[in-house]
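In the working numbering, the protein residues as written are 2 to 586. Here a beta-carbon is modelled for each residue, glycine too, at the ideal position from N, C-alpha and C.
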Amino acid sequence: MKNNKISFVQTIKIMVRSFSFIGKERNKYLLGWVLSFGEIIMIFVTPFIYEKLVYMVKNNFSDNDFYILFVMFGVFLVITPLICIGTYLRNTTAYYGASLLKKQLFSHIQYLSISEFNEYKTGDYISRLSTDASRTVGMFSSAPFTGLVKFIVYLIFGTFLLIQIQWKLAVISILLCFISIFFTVLFNPKVRALENSARKAAASSITHIIETLVATPVVRIFLLQNVLSNNYFKSCKNIYDKKVSFNLWSGYTYATLNFFGYITQPLCFGFAIYLTTKGTLNISQVVFAAFVTDIIAKAAMEANTFIQYIQPSLVSAQRVFEILDKPVEVNISGQNPCIKSNSENALEFKQVSFSYPNGTTVLKDISFNVKKGETIAIVGGSGSGKSTLCRLILGMYKPQQGKISYFGKSINELNISDIRGEIAYVSQDCTLFDCSIFENIALGKDNATEEEVIMAAKEANIHDFIISNVDKYKLLVGDRGTQLSGGQRQRIAIARAVLKNGSILLFDEATSALDPETEAQINENIACISKNKTTIVVTHRLNTIKNADKILVIENGEIVEEGTHNKLITSGGKYKKLYEMHLTA
Ligand SMILES: Nc1ncnc2c1ncn2[C@@H]1O[C@H](COP(=O)(O)OP(=O)(O)O)[C@@H](O)[C@H]1O
Ligand SMILES: [Mg+2]
């Protein structure tokens, strides 16, 4: 995308790819075009009408002449409703195609590998999903593409008709037509580059809006309203500046185009009149030729409309296809569908090292294993790499070195969806959707019954709270769960994970937002649920993991200690220090 030049071949490829989204509606779309050709017929009938009128005025008109004129006007009457239906078909099929493209793009974004996904900001995704996707397929309904078709037809038939009258007129008008196209092509790269940067500026402005709205409480508490409004104005001003330059260059193109468009007809008309003095043309032919040269001038205008306005659509299509061409998560359809096996290990890390795409090395030479049914705890200071380790367990990133295996099989052999299907995960910043409590919990399992949802809510210690509300399980949690407290949100997320019934439970500081009493209750329940399951708990509440089969202590991305609570306390290392600090906190 850094290079704004799109070759002719690329343009054709982009258009063909964009057109493919019209898909099954293709026939309807083409029928729309056939009907829309009525407009072109009307344009070409007009010179004949004028020629006939002049002829009739100059000569003694007969009934036959009236009859021909009547038929010509009749053509207009018949064609008008057809044009209406044609436009309707073209536009609706293109809108439908845009919806298909949006669906594919939306789905692709959700499957993008996390490192690719993180390359773009939310606003960027929104602008690509909305404006860009609409414009990509919309190019087949709007002015630019219509312009291309009209240009071709006007030029071919206009030239043909003019040659019948006088070839010199055809040469003059075609020459002027191509000079004006030349100027548009000349200004074109600049216009496209400006359009592209305006689009980027618009995307960053959307990101700014989202960030501000999501962070409303912080904005109010830290009195950031003015600062953020000013920043928003700056981003709007940035869009404005880009648009001003864009419109300036579009203006040059438009003015040049008009100049040549408006001089074509008078020049040809003058030349045709001159030819009457030589006896080459008669007056009705002059009138006819004047209207046909106008059609060729219109062809130039349509070509320019196409070149100029196709740019935003091409830029949009490039932005959309850029995302569609990004790789999705690896192993999304791995060959090995079942991850269960006889291996005694549920999970194994062997000398795993990992850096984020920005180069930050976070995990170094991590080796551990978790036997089926075991509970292990991961502890360590903030930023030590605990959540990153969870992300690797969930297959969100691939380690640069080492091997991760589930039930004895390497992650590379497995389908990532199967791995995630086995893991019930609760994170610290648990995400709820803007729907009822019931629906939020039920997301854990396909076709979950009411009994199952209630059971899961009881195990997560949230059932009593839910039924104390008037709406009970139908209570809406609001945008991202804002109607609930942090602890309530977390318990609903835990209920969802319980309902998922995966064979591996993964809790990343899942009880951090709870008060000690609720946390103790939930931990009892978690202990109950996790009896026959492999459980991995990341926590900084060390009193809750005394019974874990194994505790891993992480510092700066390395495992510095490993063992049971008693063993680690006895050895008097890092864990003991952390534990003592926790007790005195
Ligand atoms: N998406 C990311 N891109 C780059 N660095 C990251 C990303 N997420 C976390 N980090 C860095 O990785 C380190 C470990 O983070 P994290 O695993 O979240 O720690 P913990 O969960 O132990 O607090 C931190 O230094 C953090 O800045
Ligand atoms: Mg963390």
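Alpha carbon of residue i to alpha carbon of residue j, nearest angstrom
| i | j | result |
| --- | --- | --- |
| PHE152 | MET43 | 15 angstroms |
| LYS122 | LEU415 | 30 angstroms |
| PRO338 | ASN413 | Confidence at PRO338 is low in this model, with a pLDDT of 49, below 50, so its placement is unreliable and no value can be given for it. |
| THR571 | ASN526 | 29 angstroms |
| ASN470 | LYS103 | 39 angstroms |
| TYR426 | PHE223 | 33 angstroms |
| SER21 | ALA95 | 11 angstroms |
| ALA134 | LYS365 | 42 angstroms |
| THR519 | THR208 | 37 angstroms |
| THR1 | THR376 | Lying outside 2 to 586, the shown extent of the chain, residue 1 is not represented and no answer is given. |
| LEU249 | VAL192 | 9 angstroms |
| PHE466 | SER486 | 11 angstroms |
| VAL138 | ILE23 | 8 angstroms |
| GLU117 | ARG200 | 20 angstroms |
| GLY360 | SER504 | 33 angstroms |
| ASN119 | GLN105 | 19 angstroms |
| ILE211 | CYS436 | 20 angstroms |
| SER388 | ALA511 | 11 angstroms |
| LEU444 | GLY252 | 53 angstroms |
| PHE289 | PHE38 | 21 angstroms |
| GLY409 | LEU229 | 52 angstroms |
| ARG129 | VAL17 | 19 angstroms |
| ASP64 | THR281 | 29 angstroms |
| CYS269 | ILE173 | 7 angstroms |
| ASN533 | ASN502 | 11 angstroms |
| GLY558 | ALA521 | 29 angstroms |
| SER531 | ALA498 | 12 angstroms |
| TYR576 | ALA528 | 22 angstroms |
| LEU569 | VAL561 | 11 angstroms |
| LEU54 | PHE62 | 9 angstroms |
| GLY374 | THR362 | 31 angstroms |
Residues bridged to residue i (per DSSP)
| i | result |
| --- | --- |
| GLN402 | SER354 |
| VAL427 | PHE508 |
| GLY564 | ILE552 |
| SER437 | LEU477 |
| GLY381 | ILE555 |
| TYR407 | LEU348 and LYS410 |
| PHE67 | Partner(s): none; PHE67 has no beta bridge. |
| LYS299 | Bridge partners of LYS299: none, in fact. |
8 angstroms contact criterion, which residue i and residue j should meet: CB distance rounded
| i | j | result |
| --- | --- | --- |
| ILE274 | GLY159 | Actually they do not touch by this definition, with Cβ atoms about 19 angstroms apart. |
| ILE84 | LEU36 | 7 angstroms |
| LEU543 | ILE379 | Incorrect: roughly 12 angstroms between the Cβ atoms, too far for contact. |
| TYR126 | ILE110 | 6 angstroms |
| THR345 | LYS327 | For clarity, residue 345 is Glu in the given sequence; the question names Thr instead. That belief does not hold up - the Cβ atoms of GLU345 and LYS327 are roughly 39 angstroms apart, past 8 angstroms. |
| ASN239 | ALA202 | 5 angstroms |
| LEU433 | ARG490 | 6 angstroms |
| GLN226 | VAL220 | 6 angstroms |
| CYS309 | THR132 | According to the sequence shown, residue 309 is Gln rather than Cys. Not a contact, Cβ separation roughly 18 angstroms. |
| TRP168 | GLY87 | That pair is no contact at about 34 angstroms. |
Under 7 angstroms between C-beta atoms of residue i and residue j
| i | j | result |
| --- | --- | --- |
| ILE587 | ALA318 | Any question about residue 587 goes unanswered here, given that the chain covers just 2 to 586. |
| ILE424 | LEU507 | yes |
| GLU196 | VAL316 | yes |
| PHE307 | THR254 | no |
| GLU52 | SER285 | yes |
| SER198 | LYS243 | yes |
| LEU500 | ALA457 | yes |
| LEU177 | VAL293 | no |
| VAL46 | VAL10 | no |
| THR277 | VAL287 | yes |
| THR545 | ASN567 | no |
| SER114 | GLU330 | yes |
| ALA494 | ILE463 | no |
| SER314 | ARG91 | no |
| LEU515 | GLY488 | yes |
| GLU453 | SER406 | no |
| GLN429 | SER368 | no |
| ALA194 | GLY124 | no |
Cβ of residue i within 7 angstroms of any chain B Cβ
| i | result |
| --- | --- |
| THR361 | Protein chains in the displayed structure number just one, and chain B is not present. |
ask   = Touch check for the stretch 51 to 70 and the stretch 298 to 305: three-plus C-beta pairs under 8 angstroms?
value = By the Cβ rule, the stretch 51 to 70 does not count as touching the stretch 298 to 305, because fewer than three pairs are nearer than 8 angstroms.
query = Counting Cβ pairs, one atom from each stretch, are 3 or more of them under 8 angstroms apart for the stretch 387 to 395 and the stretch 471 to 484?
reply = No contact exists between the stretch 387 to 395 and the stretch 471 to 484.
task = Inspect the CB distances between the stretch 131 to 143 and the stretch 22 to 36 and report whether three or more fall short of 8 angstroms.
result = Yes, since at least three Cβ pairs between the stretch 131 to 143 and the stretch 22 to 36 fall closer than 8 angstroms, the two stretches touch.
Touching by the beta-carbon criterion (3+ pairs, under 8 angstroms), the stretch 252 to 271 and the stretch 174 to 187 = Taking 8 angstroms as the limit for Cβ pairs, the verdict is that the stretch 174 to 187 does touch the stretch 252 to 271.
query = If you pair each beta-carbon of the stretch 349 to 358 with each one of the stretch 529 to 544, do three or more pairs fall below 8 angstroms?
reply = Segments in contact, no.
inquiry  = Quick test of the definition: if touching needs 3 or more C-beta pairs under 8 angstroms, does the stretch 399 to 413 touch the stretch 380 to 390?
reply    = With a cut-off of 8 angstroms, the stretch 380 to 390 and the stretch 399 to 413 do not count as touching, because too few Cβ pairs lie within range.
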